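*Asks:*
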């Protein structure tokens with residue numbers, strides 16, 4: 001499970017690759033990570049919430065306290081740590097960059113052009129991590145069914161693309177039929193996990 005979503009009041013969701021660490025917000029001096037996110041509204045938000053709820057209620061979910069023991073400082077300790085971090089130069093530089101961002105200004109002022117499209121939310125079954133999910137409930141077969149057979153183009157963005165022989169054969173078949181296939185994935189320099 002590597003789902004990432006941030007949903008507010010079941011009204012809007014930010015979905016994508018956003019990890020929570022300085023490097024993923026492009027704040028470090030040697031950062032090569034760039035996360036792409038989607039802002040969703042409408043029916044997709046309730047679908048994102050349903051995915052979250054399925055994982056929350058699954059056998060793979062554990063209370064945080066079982067995985068990370070508390071340090072005894074509680075909420076006050078957390079507030080103190082946030083205060084320390086927010087006084088650092090790196091935080092201030094990032095805050096200034098966000099504050100000066102043309103995109104943030106346009107979003108705040110209601111001037112950002114949004115692209116309204118029909119979407120489907122697809123995720124693996126929470127049972128996948130337990131080895132109990134059936135093939136038809138996994139992401140790739142579901143995406144293939146939704147995608148159908150492209151006639152003109154296929155554009156895929158995934159930092160974790162491992163198509164295997166079967167997937168490569170499918171892409172080759174599409175290309176042989178004249179379908180333009182474009183795949184954007186990560187470079188070896190942009191990962192901290194070597195396969």
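Numbering (the UniProt record's numbering), first residue to last: 1 to 195.
Beta carbons: idealized from backbone N, C-alpha and C, even for Gly.
Just so it is clear, the structure is predicted and the values come from calculations on it, not from any experiment.
(1) Check whether the stretch 40-58 and the stretch 116-131 touch, using three or more Cβ-Cβ pairs below 8 Å as the test.
(2) Work out the CA separation of residue 156 and residue 41 for me, nearest whole Å.
(3) Ends of the beta strand (DSSP E) at residue 182?
(4) Cα separation between residue 102 and residue 113?
(5) Rounded C-beta distance between residue 154 and residue 117? I'm assuming under 8 Å.
(6) Report the CB separation of residue 12 from residue 36 in whole angstroms; it is logged as a contact under 8 Å.
(7) Tell me whether residue 10 is buried or exposed, calling it buried when 16 or more other Cβ atoms sit within 10 Å of its Cβ.
(8) Based on DSSP bridge pairs, tell me the residues matched to residue 125.
(9) Is there at least one Cβ from chain C nearer than 9 Å to residue 165's Cβ?
(10) For residue 134, collect the residues of the same chain with a Cβ closer than 6 Å to its Cβ; drop the 5 residues on either side in sequence, then sort them by chain order.
(11) Taking just the CA atoms, how far does residue 141 sit from residue 147?
(12) In the DSSP assignment, the beta strand (DSSP E) including residue 6 goes from what residue to what residue?
(13) Could you tell me which whole alpha helix (DSSP H) segments of length 4 or greater appear in the stretch 83-151?
(14) Whole angstroms is fine: what's the gap from residue 94's alpha carbon to residue 165's?
(15) Would you mind reading off the limits of the alpha helix (DSSP H) that contains residue 59?
*Replies:* So, from the listed chains and residues:
(1) A contact is defined here as three or more CB-CB pairs under 8 Å, and the stretch 40-58 meets this definition with respect to the stretch 116-131.
(2) Translated into positions along the chain shown, residue 41 becomes position 41. Translated into positions along the chain shown, residue 156 becomes position 156. Looking at the backbone, the Cα of residue 41 and that of residue 156 are separated by about 22 Å.
(3) Start at 1 with the first residue of the chain shown, and residue 182 comes out as number 182. Taken as a continuous stretch (DSSP letters only), the beta strand (DSSP E) holding residue 182 covers 180-184.
(4) Reading the chain shown from its first residue, position 102 is the one you call residue 102. Reading the chain shown from its first residue, position 113 is the one you call residue 113. Answer to the nearest angstrom: the Cα atoms are 12 Å apart.
(5) Here residue 154 refers to the residue found at position 154 of the chain shown. Here residue 117 refers to the residue found at position 117 of the chain shown. Actually they are not in contact, since the Cβ atoms of residue 154 and residue 117 sit about 16 Å apart, beyond 8 Å.
(6) Here residue 12 refers to the residue found at position 12 when the chain shown is read from its first residue. Here residue 36 refers to the residue found at position 36 when the chain shown is read from its first residue. No, residue 12 and residue 36 are not in contact; Cβ-Cβ is about 17 Å, not under 8 Å.
(7) For this step, residue 10 is matched to residue 10 along the chain shown. Counting other Cβ atoms within 10 Å of its Cβ, residue 10 stays below 16 and is therefore classed as exposed.
(8) Counting from 1 along the chain shown, the entry for residue 125 is found at position 125. Per DSSP, residue 125 has no beta bridge partner at all.
(9) In summary, chain C is missing from the structure at hand, where a single protein chain is found.
(10) One-based indexing of the chain shown puts residue 134 at position 134. There are no such residues.
(11) Here residue 147 corresponds to residue number 147 of the chain shown, with the count starting at 1. Here residue 141 corresponds to residue number 141 of the chain shown, with the count starting at 1. The alpha-carbon atoms of residue 147 and residue 141 are separated by roughly 10 Å.
(12) Reading the chain shown from its first residue, position 6 is the one you call residue 6. Residue 6 -> beta strand (DSSP E) spans 5-8.
(13) For the stretch 83-151, whole alpha helix (DSSP H) runs of length 4 or above, ordered along the chain, are 89-99, 102-108 and 139-147.
(14) On the chain shown, residue 94 is found 94 positions in, with the first residue counted as 1. On the chain shown, residue 165 is found 165 positions in, with the first residue counted as 1. Whole-angstrom Cα-Cα distance: 42 Å.
(15) For the purposes of this step, residue 59 is taken as the residue at position 59 of the chain shown. That residue, residue 59, is in no alpha helix (DSSP H); it is neither H nor E in DSSP.
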